[in-house]
Amino acid sequence: MTMSDAAIVVEQDRRELDLIDRVQRSFDNCTDPRLKELMYALVKHLHAFLRETRLTEEEWTRAIEFLTAVGRITDDKRQEFILLSDVLGVSMQTIAINNAAYKNATEATVFGPFFAEGSPEVAMGGDISGGAAGEPCWVHGSVTDTSGNPVANALIEVWEADAEGFYDVQYGDGRTAARAHLYTGADGTYCFWAITPTPYPIPHDGPVGEMLEAVGRSPMRASHLHFMVTAPGLRRLVTHIFVRGDEYLGSDTVFGVKDSLVKDFQRPSTTSAPGGRSIDGPWSAVQFDIVLAPAEA
Ligand code: BEZ
Ligand code: FE
Numbered sequence: 006m007t008m009s010d011a012a013i014v015v016e017q018d019r020r021e022l023d024l025i026d027r028v029q030r031s032f033d034n035c036t037d038p039r040l041k042e043l044m045y046a047l048v049k050h051l052h053a054f055l056r057e058t059r060l061t062e063e064e065w066t067r068a069i070e071f072l073t074a075v076g077r078i079t080d081d082k083r084q085e086f087i088l089l090s091d092v093l094g095v096s097m098q099t100i101a102i103n104n105a106a107y108k109n110a111t112e113a114t115v116f117g118p119f120f121a122e123g124s125p126e127v128a129m130g131g132d133i134s135g136g137a138a139g140e141p142c143w144v145h146g147s148v149t150d151t152s153g154n155p156v157a158n159a160l161i162e163v164w165e166a167d168a169e170g171f172y173d174v175q176y177g178d179g180r181t182a183a184r185a186h187l188y189t190g191a192d193g194t195y196c197f198w199a200i201t202p203t204p205y206p207i208p209h210d211g212p213v214g215e216m217l218e219a220v221g222r223s224p225m226r227a228s229h230l231h232f233m234v235t236a237p238g239l240r241r242l243v244t245h246i247f248v249r250g251d252e253y254l255g256s257d258t259v260f261g262v263k264d265s266l267v268k269d270f271q272r273p274s275t276t277s278a279p280g281g282r283s284i285d286g287p288w289s290a291v292q293f294d295i296v297l298a299p300a301e302a
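Residue numbers (the working numbering): 6 to 302.
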């Protein structure tokens, strides 16, 4: 007996749904309820993707090859899986979920691969550039809680790319430049010299870069300066500030830009700069007032 076209469609559907059900039920004996929840949802959404796109076997093979290449290039210095998560917006979505909006607290953004432990300390008003190429930039502001109380002695870690578009760690010669840490004063304020941020591409010589190329996307990030701010009893903040007017604000390849983090970088026309410094060429100045949410928020 041959099945009608309609019956064939019903049978195909039944087979596909039955498989999902069997795979989900394979986790029934999992004793960790959170792990079980995650595995159920993962199977549900993975199979929904396969069924919605009617993925071909060739496409799945290509996807496996891609993920294999992502794994092969990953080592203790290069994390291509995080890069993949970044360009797919997964990092930013996880950050949004885990840094819930709270009153006027400063928004978080992507961590990126170029933070390094053990940065040098600079004094208030000191220079983080460490000889990195770039235009001087005076960065100043305050750290407060959401009620406006100053946070004294907050740890501020900052890092950025140089004017060539590279972080110190990318040179592979052991240099430390354009990264440092400092502490807020008793009134919660801070200030330091850095370099005016410029745009640069994420590492795009691997499979993630190939994928961006294949889909016609640029690897460029909007110009930014990274901050990580830590203080007892308050939620640690990982964020950046971006340069108003930057050409990549609307197309940052890791979706890190938030309107609230785009700042005016002033262009003073005087040669006399903060801290008694005299600067002949162009320089910039930016204010970034940081508001930390309570740790439990
Ligand atoms: C960065 O800001 O340096 C960065 C962030 C995500 C991926 C690659 C680079
Ligand atoms: Fe960066």
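Cβ coordinates follow ideal geometry from the N, Cα and C atoms, glycine included. Keep in mind that this is a model prediction, so the values were computed, not measured.
### Query
Exposed or buried, K82, counting other C-beta atoms within 10 Å across all chains shown (16 or more means buried)?
So K82 ends up on the exposed side.
### Query
What is the rounded straight-line gap between the Cα of D33 and the Cα of H50?
Their backbone Cα atoms lie some 18 Å apart in a straight line.
### Task
Output yes or no for whether 9 Å exceeds the beta carbon distance between A199 and P141.
Result yes, Cβ atoms of A199 and P141 sit closer than 9 Å.
### Message
Just list the residues that DSSP pairs D150 with in beta bridges.
### Response
Partner(s): L297.
#### Entry: beta strand (DSSP E) segments (min. 3 residues) lying fully within the stretch 143-187
Listed in chain order, they are 160-164.
### Task
Can you list the residues near the ligand BEZ, meaning Cβ strictly closer than 6 Å to any non-hydrogen atom, in the order they appear in the chain?
Output, sorted by chain position: L88, D91, V115, G117, P118, F119, I207, R226, V259.
### Message
Classify M97: buried if its beta carbon has 16 or more other beta carbons within 10 angstroms, exposed otherwise.
### Response
Burial call: buried.
### Whole-angstrom distance between R19 and I13, CA atom to CA atom
When only Cα atoms are considered, I13 and R19 end up about 10 Å apart.
### Message
Threshold first: 3 residues or longer. Then list the beta strand (DSSP E) segments lying entirely within the stretch 69-157, N to C.
### Response
Within the stretch 69-157, the runs of beta strand (DSSP E) at least 3 residues long that lie entirely inside it are, in chain order, 141-150.
### Task
Would you check if there are 3 or more beta carbon pairs closer than 8 Å linking the stretch 229-236 to the stretch 154-168?
Output reads yes: the stretch 154-168 touches the stretch 229-236.
### Query
Would the stretch 204-221 and the stretch 144-159 be scored as touching if the rule is three or more Cβ pairs under 8 Å?
With a cut-off of 8 Å on Cβ pairs, the stretch 204-221 is not in contact with the stretch 144-159, counting fewer than three such pairs.
### Task
Assuming T111 contacts L242 (C-beta within less than 8 Å), just tell me the rounded distance between them.
So it is a contact: roughly 6 Å between Cβ atoms.
### Task
Say yes only if the C-beta of E165 is nearer than 8 Å to one or more non-hydrogen atoms of the ligand FE, and no if none qualify.
Yes, the ligand FE has a heavy atom inside 8 Å of this Cβ.
### Task
Go ahead and label K268 buried or exposed: buried means 16 or more other beta carbons lie within 10 angstroms of its beta carbon, across all protein chains shown.
Buried, since its Cβ has 16 or more Cβ neighbours within 10 Å.
### Local Cβ density within 10 Å of N104, reported as buried at 16 or more and exposed below that
Buried.
### Task
Name the two residues that bound the continuous alpha helix (DSSP H) containing M44.
Taken as a continuous stretch (DSSP letters only), the alpha helix (DSSP H) holding M44 covers 38-58.
#### Entry: Span of the beta strand (DSSP E) around L239
That residue, L239, is in no beta strand (DSSP E); it is neither H nor E in DSSP.
### Message
With three or more beta-carbon pairs closer than 8 Å as the criterion, would you say the stretch 249-269 touches the stretch 177-192?
### Response
With a cut-off of 8 Å, the stretch 177-192 and the stretch 249-269 do not count as touching, because too few Cβ pairs lie within range.
### Task
Count the other CB atoms, across all protein chains shown, that sit within 10 Å of the CB of A11; report buried if there are 16 or more and exposed otherwise.
Exposed: under 16 other Cβ atoms inside 10 Å.
### Query
What three-state label does DSSP hand V14 in the structure shown?
Secondary structure of V14 (DSSP, three-state): helix.
### Query
Opposite Q292 in the DSSP bridges: which residues?
Answer by DSSP bridge pairing, in chain order: H145.
### Query
Over what stretch of residues does the beta strand (DSSP E) that includes A199 continue unbroken?
Taken as a continuous stretch (DSSP letters only), the beta strand (DSSP E) holding A199 covers 194-200.
### Task
Have a look at E169 and A138 and give me their C-alpha separation to the nearest angstrom.
Spanning the two alpha carbons is a distance of roughly 7 Å.
### Task
Kindly indicate which residue of A166, V296, T114, K108 has the alpha-carbon position closest to the one of G136.
Residue A166 is the option with its Cα nearest to G136.
### Message
If you follow the alpha helix (DSSP H) that G214 is in, where does it begin and where does it stop?
### Response
For G214, the enclosing alpha helix (DSSP H) begins and ends at 212-219.
### Task
Under 8 Å Cβ to Cβ from L24, same chain only, skipping five residues before and after it: list those, please.
Hits under 8 Å: H52.
### Task
Give the DSSP-derived three-state secondary structure of T275 in the structure shown.
Of the three classes helix, strand and coil, the one that applies to T275 here is coil, per DSSP.
### Query
Do H245 and the ligand FE come close, with the Cβ less than 8 Å from some heavy atom?
Because some heavy atom of the ligand FE lies under 8 Å away, the Cβ of H245 counts as near it: yes.
### Message
Quick check on this structure: which residue in D264, R77, A236, P208 has the alpha carbon closest to the alpha carbon of M225?
### Response
Nearest of D264, R77, A236, P208 to M225, Cα basis: P208.
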